[in-house]
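This note's numbering puts the sequence shown at residues 16 to 271.
Cβ atoms here follow ideal geometry from the backbone N, Cα and C, with glycine treated the same way.
Just so it is clear, the structure is predicted and the values come from calculations on it, not from any experiment.
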Amino acid sequence: MRQRAFQFVPLAPRWRAWASWVVPSIAVLGALVMAATHFAQPPGPPGGGRPGPGGAPRPQVQSYYDNPLLAKDEEEKRILSVLEELRGLRRYQIVPETDGRLLRLLTEAVGAKRVVEIGTSIGYSGIWFCLALRKTGGHLYTHEINPERIQMAKANFEKAGVSHLVTIIEGDAHETVLQHKEPIDILFLDADKEGYIDYLQKLLPLVRPGGLIIAHNMRAPMADPRYVEAITKNPDLETAFLLMEGPGISVTLKKR
């Protein structure tokens, strides 16, 4: 079969302007997806060596992938120490460390100023957001209905030294999200899974073009099929599913 040569056609001025901000956004999201995939599926050993039995990396290589958290300054060191303490509190269903790292990476990469979180729990994921927000000059608005968890989250935010970056909104998030009026850079859903579709419908209009909707626990059977359909069938959205060997995360871009 003959292959047709491609002919370059110059873009009209209005399309050049469109591409000038759409293409960089796609490139950034692509880089983030590649980084997250690296977390989820480690590459083979350096030099092209074979993995160990069962496809798992060899022990000496695994230590390379399980890279430790490295503090850039004393403030970050304080925050990371609190995160390390909270990792053992699994009964509160906090996100895995790898997922937290991804939240921090995405938040700082897009320069988020306003992050809305549904499901504060004890503040673990919120502290990951704050690692980035302290650099972007942003603020976290986090919703929680459980009084005990609210008190624990407040204490943890205080201990990490990030209370000034956080506003906890108490009550049923299905009602309290209606308080938001300003554009949202990142929306993070980690609450009642059957409620994701309601949160999306109420807050998607506020997510800015180029903003992200991140949802946790997207691996079946936890994910609500209605939400999955909403973020994959809407032509205004582009979704990637990451870290699916664990609870799973969906990262959805609201197209410009």
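(request) Rounded to whole angstroms, what's the CA-CA distance from I137 to C145? Just pull it up for me. (result) 14 Å
(message) Checking 8 Å against the spacing of the C-beta atoms, do L117 and L257 come in under that value?
(response) In this structure, the beta-carbon distance from L117 to L257 falls below 8 Å.
(message) Starting from V110, trace the beta strand (DSSP E) in both directions and tell me its first and last residue.
(response) Premise fails: V110 is in no beta strand (DSSP E) and is neither H nor E.
(message) Once the 5 residues before and after H158 are set aside, which same chain residues still bring their CB inside 6 Å of it?
(response) I133, I184, A188 and T191
(request) Have a look at K150 and R129 and give me their C-alpha separation to the nearest angstrom. (result) If you take the alpha carbons of K150 and R129, they lie about 13 Å apart.
(request) Go ahead and label A86 buried or exposed: buried means 16 or more other beta carbons lie within 10 angstroms of its beta carbon, across all protein chains shown. (result) With fewer than 16 Cβ atoms within 10 Å of its Cβ, A86 is classed as exposed.
(message) Threshold first: 3 residues or longer. Then list the beta strand (DSSP E) segments lying entirely within the region 199-265, N to C.
(response) Taken in chain order, the unbroken stretches of beta strand (DSSP E) that lie wholly in the region 199-265 and span 3 residues or more are 199-204, 222-231 and 252-257.
(message) If you measure between the beta carbons of A168 and G141, is that distance less than 8 Å?
(response) yes
(message) Give me the DSSP bridge partner(s) of V131.
(response) The partner list for V131 (beta bridge, DSSP) reads Y156 and L202.
(message) On the criterion of 16 or more Cβ atoms from any shown chain inside 10 Å, does K269 qualify as buried, or is it exposed?
(response) buried
(request) Just tell me which of E91, I212 and K174 has its CA closest to the CA of R241. (result) I212
(request) Could you tell me if V110 is buried or exposed, where buried requires 16 or more neighbouring beta carbons within 10 angstroms of its beta carbon? (result) buried
(message) Run through the DSSP bridge pairs and tell me what K269 is partnered with.
(response) DSSP lists L252 as the bridge partner or partners of K269.
(request) Could you pull out every unbroken alpha helix (DSSP H) segment of at least 4 residues lying fully inside the region 139-193, listed in chain order? (result) 139-151, 162-175 and 188-191
(message) Quick check on S136: does DSSP put it in helix, strand or coil?
(response) Coil at S136, not helix or strand.
(request) Can you have a look at R119 and say buried or exposed, based on whether 16 or more other CB atoms are within 10 angstroms of its CB? (result) buried
(request) Hey, could you find the ends of the alpha helix (DSSP H) R93 is sitting in? (result) E89 to L101
(request) Look at I201 and I229 and say whether their C-beta atoms are less than 8 Å apart. (result) yes
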